[in-house]
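Q: Sharing a structure, written as structure tokens. Questions coming.
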């Protein structure tokens, strides 16, 4: 049982490049989330999903897209990276019956130059 | 709207002493409150939660938190701190058990426990 895993762990992009962050969970959780963590700003929700095939915007969705084609995977895409998207990205999941208990992945550190 | 405040960026305590990490919240409705811990280069780990019932809730690693409705606070406590408790602590709040994704996190408090 690996829990929540994220790929890659680190990435450096140039402005304008695109990339996809992959989140996978093996706990059969219905809900999945993408957050970004910036110094002094806590965690901010980017997008989330309440089930396969559904996604919704969080607090800071601009510049990101997501897809949940399979229940166990939640992808976060940056179509045209900007320096303001330099951050640490965390994926989380939670079961429908205990939606408040979120299980987090180890994070992806992204730098956009 | 819901919000969380962690008024201290840093808390320093000596090993063996009691520790308190403060959290206050603002919500419209009954709050669900949580504490998470983050160790360096790791994701957040769930520590404990208050949903309803006893105001004092116990969680992992000997931590506990006290829900105070009149003061809208949910301070994290431990009777005797360990050096290994040094980490970044986040308080979070949401209203109800619906609205997935609607938890609001505080900015975090760095706890340093010195030997």
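Protein chains in written order, with the numbering used here: chain R, 1 to 113; chain H, 1001 to 1115.
Idealized CB from N, CA, C, for every residue including glycine.
Predicted model only: the values in this text are computed from it and were never measured.
1) What whole-angstrom Cβ distance do residue 1017 of chain H and residue 1081 of chain H have, given they're in contact under 8 Å?
2) Using a beta-carbon distance below 8 Å, is residue 104 of chain R in contact with chain H?
3) Indicate whether residue 37 of chain R and residue 4 of chain R have their beta-carbon atoms separated by less than 8 Å.
4) Okay, do the stretch 1064-1078 of chain H and the stretch 79-89 of chain R touch, 3+ Cβ pairs below 8 Å being the bar?
5) Can you give, in chain order, each stretch of the beta strand (DSSP E) that sits fully within the stretch 1061-1101 of chain H and has at least 3 residues?
6) Name the DSSP beta bridge partners of residue 47 of chain R, please?
7) Examine chain H for any beta-carbon lying closer than 8 Å to the beta-carbon of residue 29 of chain R, and answer yes or no.
8) Chain B partners of residue 1108 of chain H, CB-CB under 7 Å?
9) Would you identify the three-state DSSP class for residue 1018 of chain H, choosing helix, strand or coil?
10) Using the rule of at least 16 other Cβ atoms within 10 Å of the residue's Cβ for burial, across every protein chain shown, is residue 1063 of chain H buried or exposed?
A: On the basis of the supplied data:
1) Residue 1017 of chain H sits at position 17 when you count from the first residue of the second chain. Residue 1081 of chain H sits at position 81 when you count from the first residue of the second chain. Their Cβ separation, rounded to whole angstroms, is 6 Å, which keeps residue 1017 of chain H and residue 1081 of chain H in contact under 8 Å.
2) Within the first chain, residue 104 of chain R is the residue found at index 104, counting from 1. By the rule that beta-carbons nearer than 8 Å mark a contact, residue 104 of chain R touches chain H.
3) Position 37 of the first chain, counted from the first residue, corresponds to residue 37 of chain R. Position 4 of the first chain, counted from the first residue, corresponds to residue 4 of chain R. No; because the gap between Cβ atoms is not below 8 Å, this pair is not in contact.
4) No, because fewer than three Cβ pairs between the stretch 1064-1078 of chain H and the stretch 79-89 of chain R fall closer than 8 Å, the two stretches do not touch.
5) Runs of the beta strand (DSSP E) inside the stretch 1061-1101 of chain H: 1064-1068, 1073-1078 and 1087-1095.
6) Position 47 of the first chain, counted from the first residue, corresponds to residue 47 of chain R. DSSP, once it has assigned bridges, lists R/34 and R/57 as partnering residue 47 of chain R.
7) Here residue 29 of chain R is taken as the residue at index 29 of the first chain, counted from 1. Residue 29 of chain R has a beta carbon lying at 8 Å or more from every beta carbon in chain H.
8) Absent from the structure is chain B; the protein chains it does hold are R and H.
9) Numbered from 1 along the second chain, position 18 holds the residue referred to as residue 1018 of chain H. Here residue 1018 of chain H sits in coil by DSSP.
10) Start at 1 with the first residue of the second chain, and residue 1063 of chain H comes out as number 63. Around the beta-carbon of residue 1063 of chain H, 16 or more other beta-carbon atoms lie within 10 Å, marking it buried.
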